[in-house]
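Contents: one structure, followed by commentary.
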Amino acid sequence: MEKFQLSVLFKIIGIGSASGLVYHDDKLYLISDNSTFLYEYNIPTEKLNKIALTENAQDNIAKKDKPDFEAIAIKGTDLILLGSGSTENRNMIFNYAIPTGKIQKNNIGTIYQKIKQKFNISDDELNIEGLIMDHDHIYFFQRGNGAKGKNGIVYSKDVAKDQKFEYVPIDLPKIKNVPTTFTDAILVEDKIYFLASAEDTESTYLDGEVLGSIIGTIDLKTMTLTNSIQISDKNKFEGLTLYKQSEKEIEFLLCEDTDSEVLESDIYKLTLKR
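All residue numbers in the sequence shown are consecutive under this note's numbering, ending with 403.
This is the structure in structure tokens:
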């Protein structure tokens, strides 16, 4: 992972503060942490379609009211969108069926409460920023940017039956003496690829100075950090999706949360040597 190439691939007008993305069938599906739309961007035609998740959906919602969508994952042809859980109104989960456009909405607050109680995570420390769903397994990536630094993976190997969660703390490298913490993760074969950023704040609610981002890998079986590399000293990358791969290289698409109300988002391509 020593060699990498990072560049802006294209810009999308109409979405700001992008916090997660999924690449599927020549389309990018994106979420924004201050919006109640799911955004569908057709790469070949460069057209953006906004899918309303709620009545009176908005692009820019006040910080205290926003659902704070920070995680998006794909399972089959279903997209799953999660609120971060960092406040009571950030506990929603949406399921969007790509073939039919059907939307299902639920509250995941009881599961978040169970996680907080079992692993001694306080209300103001919970901050789910990444999600992986694989068969019956579910993995939540807890961003430890609160005062206690609870950064780790909460997972269940059969969530449909018993929701028996386990927690693995993950210590990540520092940038300018500030720990990096999870901002997204995906599964590629038996390896977790994750993004993490360093932000000079001890609050899951208030933003701080962005010091940069890293990408790294975690072994799925042992849940241990295997590699990481800093890819920026200024960007807070919050979304990661697999784009292309070969024997020699693997390519990802990344999105960035600029903590701005401007409705435009750069999409980056990151290429890593195998």
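Every residue, glycine too, gets a C-beta built ideally from N, C-alpha and C.
At the level of alpha carbons, what is the spacing between residue i and residue j?
i    : j    : result
E385 : K365 : 6 Å
T174 : L157 : 12 Å
S361 : D194 : 31 Å
Y268 : M352 : 11 Å
T333 : G259 : At T333, the pLDDT of 49 sits below 50, so the modelled position is not reliable and the matter cannot be decided from this model.
S215 : K231 : 27 Å
E295 : K286 : 9 Å
H266 : D300 : 23 Å
N274 : V297 : 16 Å
L138 : S342 : 18 Å
Q374 : E380 : 6 Å
Y152 : E376 : 20 Å
I172 : F223 : 24 Å
K204 : L210 : 11 Å
D197 : N235 : 15 Å
A276 : E217 : 19 Å
Q271 : Y225 : 23 Å
Q233 : N306 : 42 Å
I160 : I282 : 21 Å
D155 : Y170 : 9 Å
Report the option in the options whose CA atom is closest to the CA atom of residue i.
i    : options                : result
H264 : T183, L316, N185       : L316
T229 : D207, Y322, F223       : D207
K247 : L150, K293, T310       : K293
I141 : E318, I227, T400, L177 : L177
N163 : I190, G149, N280, I237 : I190
Using a threshold of 7 Å, is the CB atom of residue i nearer than that to any non-hydrogen atom of the ligand HEM?
i    : result
K365 : For the ligand HEM, the structure offers nothing, since it holds no ligand at all.
Among all the DSSP beta bridges, which residues are the ones paired with residue i?
i    : result
T353 : D348
I304 : V307
L135 : L399
I379 : Q374, L401
L194 : Per the sequence presented here, residue 194 reads as Asp, with Leu not at that position. According to DSSP, D194 bridges with nothing at all.
F323 : A314, G345
N385 : Reading the sequence as shown, one finds Glu at residue 385 and not Asn. In the DSSP output, where bridge partners are listed per residue, E385 has F366.
K204 : D207
N171 : K156, K176
I282 : F270, V297
S394 : I141
G149 : I160
Between the beta-carbon of residue i and the beta-carbon of residue j, is there less than 8 Å?
i    : j    : result
S213 : D388 : no
I453 : Y372 : In the structure as shown, the chain begins at 130 and stops at 403. Residue 453 is therefore absent and cannot be evaluated.
T312 : S326 : yes
Y168 : I144 : yes
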